[in-house]
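Only one structure is covered here, and it is reproduced in the block below.
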Amino acid sequence: MSADPLSVDLRLTPHYTPGRDGRRPVAIVVHTNVGSFDSTIGWFADARSGVSAHYLVALDGRVVQFVDERDTARHTGRVKDARVDLVTDENPNPYTIGIEFEDGRAPDDAVRPAAQYAAGALIISAAAERWGIPLDRRHVVGHREIDAGKTCPGNLDIDRLVRAAQQARKRAATARRGKPRTPNVICLVPARNAAADLPEFLSSVAPIADSVVALDDGSTDETRELLESSPLVRLVLENPVRSGYDAWDDGRNRARLLDAAAALEPDWILSLDVDERIPDGDADALRGFIESDAVPGLAFGFQHFRMWGKTAYDPEYCWVYRLFAYRPGLAFPQRRLHFNPIPTSISRAAWVRTTIRLQHFGAASDEARLARLEKYRQADPDGVHQIDFSGMDRPPADELLEWEPRPTDLAVIAPPGTAPGKLTAAHIRASRSQQ
Numbered sequence: 043m044s045a046d047p048l049s050v051d052l053r054l055t056p057h058y059t060p061g062r063d064g065r066r067p068v069a070i071v072v073h074t075n076v077g078s079f080d081s082t083i084g085w086f087a088d089a090r091s092g093v094s095a096h097y098l099v100a101l102d103g104r105v106v107q108f109v110d111e112r113d114t115a116r117h118t119g120r121v122k123d124a125r126v127d128l129v130t131d132e133n134p135n136p137y138t139i140g141i142e143f144e145d146g147r148a149p150d151d152a153v154r155p156a157a158q159y160a161a162g163a164l165i166i167s168a169a170a171e172r173w174g175i176p177l178d179r180r181h182v183v184g185h186r187e188i189d190a191g192k193t194c195p196g197n198l199d200i201d202r203l204v205r206a207a208q209q210a211r212k213r214a215a216t217a218r219r220g221k222p223r224t225p226n227v228i229c230l231v232p233a234r235n236a237a238a239d240l241p242e243f244l245s246s247v248a249p250i251a252d253s254v255v256a257l258d259d260g261s262t263d264e265t266r267e268l269l270e271s272s273p274l275v276r277l278v279l280e281n282p283v284r285s286g287y288d289a290w291d292d293g294r295n296r297a298r299l300l301d302a303a304a305a306l307e308p309d310w311i312l313s314l315d316v317d318e319r320i321p322d323g324d325a326d327a328l329r330g331f332i333e334s335d336a337v338p339g340l341a342f343g344f345q346h347f348r349m350w351g352k353t354a355y356d357p358e359y360c361w362v363y364r365l366f367a368y369r370p371g372l373a374f375p376q377r378r379l380h381f382n383p384i385p386t387s388i389s390r391a392a393w394v395r396t397t398i399r400l401q402h403f404g405a406a407s408d409e410a411r412l413a414r415l416e417k418y419r420q421a422d423p424d425g426v427h428q429i430d431f432s433g434m435d436r437p438p439a440d441e442l443l444e445w446e447p448r449p450t451d452l453a454v455i456a457p458p459g460t461a462p463g464k465l466t467a468a469h470i471r472a473s474r475s476q477q
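Quick note: the sequence shown uses my numbering, first residue 43, plus one each step.
Shown next as structure tokens:
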């Protein structure tokens with residue numbers, strides 16, 4: 043994030059494509075608008091134009107946004123004799139961010155004030171940080187470098203823009219050093235054929251994690267595309283596409299995720315499955331705990347609840363351990379399926395139970411339950427690995443409870459002696475009355 047203030051107004055345009063066709067931005071393309079600030083706003087809103095950009099930067103430094111960065115703007119539709127190796131012969135729009143710069147109808151002779159360069163640099167720096175785009179001339183390019191038939195962006199000094207964006211990033215880093223440092227929390231998630239789960243999963247993990255490192259385990263649906271299009275997901279690993287689960291090796295997948303996370307310099311690692319959710323109140327409590335009271339060298343466990351439908355849950359729960367402080371050289375247990383992803387160097391005596399609740403939707407209906415059993419039948423035909431966590435291999439036998447918000451004054455560390463078992467409504471009320 044930038045340390046410099048910048049106000050961005052939002053203007054709507056009909057000329058964009060939702061999403062990015064499974065791609066994510068890898069470059070920023072700058073343009074000159076051959077017009078005024080207001081004329082470009084009007085043209086992008088005009089049903090006849092068919093064109094747009096993500097941003098427009100005025101000569102005086104005002105900025106408007108037309109298209110969300112997660113969506114495709116229509117700013118660079120043709121490739122001709124491209125001079126940049128990041129661009130292929132396909133339409134560059136799905137994997138680029140487009141920024142127009144006002145030129146007062148004088149693209150080659152415009153007097154471009156420092157305010158325009160400063161505002162453009164902030165937009166470029168912030169977008170590059172969100173999407174992991176390097177700030178260099180290979181990744182910040184002019185329209186004419188993609189289409190040799192264009193003279194765009196006129197006399198806009200792209201080298202100056204890149205230098206200014208690099209300086210903006212340095213100022214932001216300096217500002218962060220002057221403030222109390224917040225921990226860098228990286229969430230690791232393997233996913234296979236998880237397109238239906240990913241939107242809610244990513245939304246639930248956003249209050250906790252700074253970034254997600256994901257592995258697409260050979261999906262045949264849109265899992266990879268959804269992962270790559272999310273700004274929260276910084277790295278996506280892949281396994282070859284396959285039709286079944288017989289080659290599923292969760293231990294190897296999680297080991298790859300842990301190794302890959304090192305590039306993001308994590309302070310804490312949180313491991314989740316894509317069909318799990320940490321609900322809002324618990325997510326906020328967990329992030330606050332990590333920032334204030336969590337002790338490196340320990341592993342922290344969550345209360346794992348099997349959901350039934352959207353809001354009901356089975357009160358029988360178990361503990362799962364998912365959170366630990368990162369340091370180089372850590373390794374997970376060498377097991378193929380179903381283990382707590384906690385480094386072997388953290389002894390069981392250092393595993394600490396918390397009151398953080400984890401909702402598991404992987405068997406939240408009869409259909410989902412049977413699909414889960416079939417997945418494990420293929421992966422583990424001899425039944426070597428345990429699969430009956432919180433009664434997930436069978437329909438709920440007891441009375442279900444409706445999910446309730448987390449009490450705001452509930453401590454994160456579970457009281458001594460807290461053991462897994464059935465939580466009845468009476469137990470819940472009693473425990474809350476004691477807080």
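The beta carbon of each residue, even a glycine, is placed where N, CA and C say it ideally should be.
Bear in mind that the values here come from a model prediction, so they are computed numbers and not experimental data.
Could you tell me the alpha carbon to alpha carbon distance between residue i and residue j, rounded to whole angstroms?
i	j	result
E267	S313	21 angstroms
G330	D150	52 angstroms
R211	S285	44 angstroms
E318	N135	34 angstroms
D424	F381	17 angstroms
R369	D309	8 angstroms
H117	I70	11 angstroms
G174	G103	25 angstroms
R90	T114	18 angstroms
T361	A456	With the sequence shown as reference, residue 361 is identified as Trp, and Thr is not the correct amino acid for it. Distance between the alpha carbons of W361 and A456: 11 angstroms.
V72	I311	37 angstroms
A170	D322	29 angstroms
L415	L198	60 angstroms
F204	T59	Correcting the residue type first, residue 204 is Val in the shown sequence and not Phe. Using only the alpha carbons, I get a separation of about 28 angstroms.
P56	E142	17 angstroms
E144	T74	6 angstroms
A305	E333	21 angstroms
A23	G162	Examination of residue 23 is not possible in this model, given that the chain is present from 43 through 477 alone.
D440	R399	20 angstroms
A157	G371	47 angstroms
L52	S272	21 angstroms
What is the residue span of the beta strand (DSSP E) that residue i lies within?
i	result
W393	393 to 402
P232	227 to 233
S253	253 to 259
E280	275 to 281
T74	69 to 74
Q158	It is not in any beta strand (DSSP E) - Q158 instead sits in the alpha helix (DSSP H) that spans 156 to 173.
G330	Taken as a continuous stretch (DSSP letters only), G330 belongs to no beta strand (DSSP E), being part of the alpha helix (DSSP H) at 322 to 334.
D51	50 to 52
V121	Unbroken run through V121: none, as it is neither H nor E.
G184	182 to 184
Any idea what DSSP makes of residue i, helix, strand or coil?
i	result
D301	helix
T82	helix
L269	helix
L452	coil
L312	strand
Y137	helix
T114	strand
E318	strand
S44	Low confidence applies here, because S44 scores a pLDDT of 39, under 50, leaving its location unreliable and the question unanswered by this model.
R213	helix
I384	coil
Keeping to the same chain, check which residues put their C-beta closer than 6 angstroms to that of residue i; ignore five residues upstream and five downstream.
i	result
S261	R234, N235
G77	R147
E187	R125, V126
A421	Y287, W290
V394	L340, F342
R65	P136, Y137
W350	A406, P438, L442
S49	none
L328	I250, I398
D189	R120, K122
Look up residue i in the DSSP assignment and give the residues it is bridged to.
i	result
M349	Y355
L98	V106, E142
G343	Y363, R395
T59	T114
D189	K122
I'd like the list of long-range same chain contacts for residue i, defined as Cβ closer than 7 angstroms, with 5 residues on each side in sequence excluded.
i	result
A325	S246, P249, I250
R364	L312, S313, L314, F344, P383
Q376	G293
Can you list, in chain order, the residues of its chain with a C-beta nearer than 8 angstroms to that of residue i? Leave out the 5 residues immediately preceding and following it.
i	result
D259	P232, A233, R234, N281, W290, N295
D239	A233, V316, D317, F403
V283	G260, S261, T262
Is the shortest distance between the beta-carbon of residue i and the beta-carbons of chain D less than 8 angstroms?
i	result
V153	The structure shown contains no chain D; it is built from a single protein chain.
Could you please give the first and the last residue of the uninterrupted alpha helix (DSSP H) stretch that includes residue i?
i	result
F243	240 to 247
D440	No alpha helix (DSSP H) holds D440; DSSP gives it neither H nor E.
E416	408 to 421
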